[in-house]
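Here is the structure we will look at.
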Amino acid sequence: SSAPGKGVVWEWENDSGSWTPYDMDVGITIQRVGVVSLPAHRWVRVPGSDSSSHPPSGTIRPVRRSYYDPSSAPGKGVVWEWENDSGSWTPYDMDVGITIQRAYEKQHPWVDLSAIGFCYVIDFATMGSSKVSRPSLGTLNRSHLQRLAIAQSRVLIASGVPTVPVKNLTGSSPVNPALAGITGILMSAAGLPVCLTRPPKLVLHPPPVSKSEIQSIPGISHTCRKTTKKQAKKGKTPEEVLKKYLQKVRHPPDEDCTICMERLSAPSGYKGPQPAVKPDLVGKLVKCGHVFHLHCLVAMYNNGNKDGSLQCPTCKTIYGVKTGTQPPGKMEYHIIPHALPGHSDCKTIRIIYNIPPGVQGPEHPNPGKSFTARGFPRHCYLPDSEKGRKVLKLLLVAWDRRLIFAIGTSSTTGESDTVIWNEIHHKTEFGSNLTGHGYPDINYLDNVLAELAAQGITEESLVQEKD
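Right, dumping it as structure tokens:
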């Protein structure tokens with residue numbers, strides 16, 4: 001059965017048991033002999049093939065038809081290849097290519113493929129692959145594909161293939177040979193007329209901009225902010241901080257404290273270092289009204305950033321000014337004379353974050369241990385519109401409060417003690433949206449305003465910063 005909206009890939013099983021997409025010559029043969037009409041998982045004899053990248057001449061191999069989600073590498077028209085010793089390019093097996101693309105889209109500087117049984121590390125900065133057991137490098141190439149649509153199925157072909165006449169819906173014109181490609185055959189079994197379309201190319205950065213073309217942003221002084229190591233606030237005990245935000249409760253409700261999970265009518269179940277408050281005292285947060293043991297709140301405060309603020313563990317309401325643990329770095333921002341997709345009526349605000357590696361401080365997960373900073377400088381983009389400038393102003397507040405980045409474990413690679421984004425999403429793809437981190441995205445500005453508000457940063461914060 002067909003899978004509407006998904007890419008169809010014909011692959012053969014290699015000697016290692018993995019599946020490899022057919023190359024151009026074999027693909028044309030399959031197309032001519034009508035293999036597209038066969039069901040999946042049939043055995044097919046492919047004549048005239050003697051390349052090591054696909055089954056030898058006359059060899060019987062299992063062939064399958066696979067369907068790929070549009071969000072996957074083949075669904076987006078992206079194939080990864082490696083350069084062999086002869087200087088020619090060979091496609092990675094489909095599962096390897098999908099894993100590489102997933103890491104690339106998440107902007108990780110490298111990916112270890114050993115988890116899927118492939119003992120190589122891919123370095124996106126050098127576009128090289130390094131075998132885990134030895135340091136030899138091979139050059140890596142990421143080839144874009146041209147996309148064809150056949151009815152409801154998505155069909156992709158590799159660019160750079162010689163053109164041949166292909167009948168399209170508007171007549172006959174020379175286009176790349178349908179259903180065949182250097183790195184794979186992505187075809188439809190429907191046998192319907194071919195309609196040629198081209199997907200947008202990945203555009204991470206804007207065209208070159210000279211210094212004379214860069215403009216400062218009206219209403220915002222300077223074009224750079226720096227943060228340094230945090231100076232601990234002194235003079236207020238946790239009890240003094242909590243006193244600002246709590247009301248004592250003489251008759252606790254018949255429910256659990258959501259911190260220690262003991263009844264509020266019973267003493268706190270916290271077993272750590274004992275705060276200087278009685279374990280049976282109960283308090284209510286003045287804004288949201290949630291009730292906790294004072295003992296538990298003091299312990300929670302001591303385990304946090306100790307910055308004079310408090311966040312309700314139940315509803316996340318923030319009391320005071322929340323700050324983070326972002327390591328020292330620099331934030332630059334200016335206007336460049338290019339428009340983002342979906343914002344053709346204005347120029348673009350470019351933000352450049354740069355955080356160097358260093359040593360963790362007392363507020364970080366592992367004080368005294370070094371941390372890495374992958375992928376810096378990081379370039380991000382906003383439309384130079386009224387709402388875009390508002391977002392920038394709030395991001396500046398978030399930067400000053402050290403909330404843009406944190407030190408932790410990467411969700412994409414599992415690397416610990418590294419600089420990570422801290423729940424405020426940024427757009428890092430300038431001229432396309434193939435990774436999901438670009439434009440157009442009509443909801444992005446509203447979404448990031450909501451994420452900033454969740455960190456306690458709203459328009460009221462701009463007034464507070466001036467005071």
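So for the sequence shown, full-length UniProt numbering puts the first residue at 1; every next one is plus one. Just so you know, even glycine gets a beta-carbon here, dropped at the ideal spot from N, CA and C. Being a predicted model, the structure only gives us computed values, none of them experimental.
1) By how many angstroms is the C-alpha of His338 removed from the C-alpha of Pro109?
2) Please state whether DSSP places Arg402 in a helix, a strand or coil.
3) Residue range of the alpha helix (DSSP H) that Tyr444 falls in?
4) Cβ of Tyr353 within 7 Å of any heavy atom in the ligand SAH?
5) Does the distance from the C-beta atom of Leu264 to that of Cys257 stay below 8 Å?
6) Decide if Ile442 is buried, meaning its Cβ has at least 16 other Cβ atoms within 10 Å, or exposed.
7) Enumerate in chain order the residues of its own chain whose CB-to-CB distance from His41 is below 6 Å, with the five nearest sequence positions on each side excluded.
8) I'd like the span of the beta strand (DSSP E) that includes Gln101, first residue to last.
9) Evaluate contact between the region 428 to 438 and the region 411 to 420, counting only Cβ atoms and requiring at least three cross-stretch pairs below 8 Å.
10) Could you say which of Tyr104, Lys347, Val397 lies nearest to Leu462 if we only look at CA atoms?
11) Return the chain-ordered list of same chain residues with a C-beta closer than 6 Å to the C-beta of Ser173, the five sequence neighbours on each side being excluded.
12) Figure out for me which residue from Glu460, Val249, Tyr68 has the closest Cα to the Cα of Lys284.
13) Between Met94 and chain D, is there a C-beta pair that is closer than 8 Å?
14) Count the CB pairs spanning the region 318 to 329 and the region 204 to 212 that are closer than 8 Å, and state whether there are at least three.
15) Skipping 5 residues on each side, what residues in its chain have a beta carbon closer than 6 Å to that of Pro341?
16) With distances taken between CB atoms, is the gap from Cys380 to Ile424 smaller than 8 Å?
17) If you draw a straight line from the C-alpha of Leu449 to the C-alpha of Leu394, how long is it?
18) Taking the beta strand (DSSP E) that Pro238 falls in, what are its first and last residues?
19) Under DSSP, the beta strand (DSSP E) around His293 begins and ends at which residues?
20) When burial is assigned at 16 or more other CB atoms within 10 Å of the CB, is Lys369 buried or exposed?
21) Excluding the 5 residues flanking Cys346 on each side, which residues of the same chain have their C-beta closer than 7 Å to its C-beta?
22) Compute the beta-carbon to beta-carbon distance between Lys236 and Gly289, rounded to the nearest angstrom, for a pair I have assumed lies under 8 Å.
23) Return the CA-CA distance between Thr126 and Asp93, expressed in angstroms with no decimal places.
24) Restricting to runs no shorter than 3 residues, where is the beta strand (DSSP E) found entirely within the region 320 to 347?
25) Whose C-beta lies closer than 8 Å to the C-beta of Tyr301 among residues of the same chain, with five residues either side of it excluded?
26) Can you grab the Cα-Cα spacing for the pair Lys316 / Gly361, in whole Å?
27) In chain order, what residues of the same chain lie with their CB nearer than 6 Å to the CB of Asn447, ignoring the 5 residues before and after it?
28) What separation, rounded to the nearest whole angstrom, lies between the Cα atoms of Leu202 and Leu297?
29) Work out the CA separation of Ile217 and Tyr333 for me, nearest whole Å.
30) Only counting the same chain, and skipping five residues up and downstream in sequence, which positions put a Cβ closer than 7 Å to that of Glu451?
31) Would you mind working out which of Arg225, Val282, Thr223, Met261 sits nearest His251, comparing C-alpha positions?
The relevant details are as follows:
1) In the sequence shown, counting from the first residue as 1, residue 109 sits at position 109. In the sequence shown, counting from the first residue as 1, residue 338 sits at position 338. If I take the Cα positions, the gap works out to 27 Å.
2) Here residue 402 refers to the residue found at position 402 of the sequence shown. Coil.
3) The residue labelled residue 444 in the question sits at position 444 within the sequence shown. Run containing Tyr444: 444 to 454, per the alpha helix (DSSP H) assignment.
4) Looking for the ligand SAH in the displayed structure turns up nothing, as the structure carries no ligands at all.
5) Against the sequence shown, residue 264 aligns to sequence position 264. Against the sequence shown, residue 257 aligns to sequence position 257. The answer is yes: Cβ separation under 8 Å.
6) Here the question's residue 442 lines up with position 442 in the sequence shown. Exposed, by the Cβ-count rule.
7) As a working note, residue 41 is residue 41 in the sequence shown. Caution is warranted here: a pLDDT of 38 is assigned to His41, below 50, making its placement in the model unreliable, and the coordinate value is therefore given only provisionally. Result list for His41: Arg64, in chain order.
8) Locating residue 101 in the sequence shown gives position 101, counting from the first residue. First-last for Gln101: 94 to 105, but that is the alpha helix (DSSP H), not the beta strand (DSSP E).
9) no
10) Taking the sequence shown and counting its residues from 1, the one referred to as residue 462 is at position 462. It is Val397 whose Cα lies nearest to the Cα of Leu462.
11) For the purposes of this step, residue 173 is taken as residue 173 along the sequence shown, with counting starting at 1. Below a pLDDT of 50, predicted positions are generally treated as unreliable, and Ser173, at 36, falls in that range; the measurement from the model is reported next regardless. Answer for Ser173: no residue qualifies.
12) Numbered from its first residue, the sequence shown carries residue 284 at position 284. Lys284 has its Cα closest to that of Val249, out of Glu460, Val249, Tyr68.
13) As a matter of chain content, chain D is missing from the structure shown, which is built from one protein chain.
14) no
15) Here residue 341 is taken as the residue at index 341 of the sequence shown, counted from 1. For Pro341, where only same-chain residues beyond five positions count, the Cβ hits under 6 Å are Tyr439, Pro440.
16) On the sequence shown, residue 380 is found 380 positions in, with the first residue counted as 1. On the sequence shown, residue 424 is found 424 positions in, with the first residue counted as 1. Against a cut-off of 8 Å, the Cβ pair of Ile424 and Cys380 comes out as no contact.
17) Counted from its first residue, the sequence shown places residue 449 at position 449. Counted from its first residue, the sequence shown places residue 394 at position 394. Going by the C-alpha atoms only, they are around 8 Å apart.
18) Translated into positions along the sequence shown, residue 238 becomes position 238. Note, Pro238: premise wrong, no beta strand (DSSP E); alpha helix (DSSP H) at 238 to 245.
19) Counting from 1 along the sequence shown, the entry for residue 293 is found at position 293. Looking at the DSSP string, the run of the beta strand (DSSP E) that includes His293 is 291 to 293.
20) One-based indexing of the sequence shown puts residue 369 at position 369. Exposed, because fewer than 16 other Cβ atoms sit within 10 Å of the Cβ of Lys369.
21) For the purposes of this step, residue 346 is taken as residue 346 along the sequence shown, with counting starting at 1. Excluding residues within five positions, the ones whose Cβ falls inside 7 Å are Ala339, Pro383, Asp384, Ser385.
22) Along the sequence shown, read from residue 1 onward, the residue named residue 236 stands at position 236. Along the sequence shown, read from residue 1 onward, the residue named residue 289 stands at position 289. Their Cβ separation, rounded to whole angstroms, is 24 Å, which puts Lys236 and Gly289 out of contact at 8 Å.
23) Walking along the sequence shown from the start, residue 126 turns up at place 126. Walking along the sequence shown from the start, residue 93 turns up at place 93. Looking at the two C-alpha atoms, the distance is approximately 21 Å.
24) 329 to 336
25) In the sequence shown, the residue the question calls residue 301 occupies position 301. Excluding residues within five positions, the ones whose Cβ falls inside 8 Å are Pro238, Val241, Leu242, Leu310.
26) Residue mapping note: residue 316 aligns to position 316 of the sequence shown, counting from 1. Residue mapping note: residue 361 aligns to position 361 of the sequence shown, counting from 1. Each residue's Cα considered, the two are about 26 Å apart.
27) Here residue 447 corresponds to residue number 447 of the sequence shown, with the count starting at 1. Closer than 6 Å at Cβ, skipping near neighbours: no residue.
28) Reading the sequence shown from its first residue, position 202 is the one you call residue 202. Reading the sequence shown from its first residue, position 297 is the one you call residue 297. Whole-angstrom Cα-Cα distance: 48 Å.
29) The residue labelled residue 333 in the question sits at position 333 within the sequence shown. The residue labelled residue 217 in the question sits at position 217 within the sequence shown. Each residue's Cα considered, the two are about 8 Å apart.
30) On the sequence shown, residue 451 is found 451 positions in, with the first residue counted as 1. Result list for Glu451: Glu423, Ile424, His425, in chain order.
31) By one-based count along the sequence shown, residue 251 stands at place 251. Of Arg225, Val282, Thr223, Met261, the residue nearest in Cα terms is Val282.
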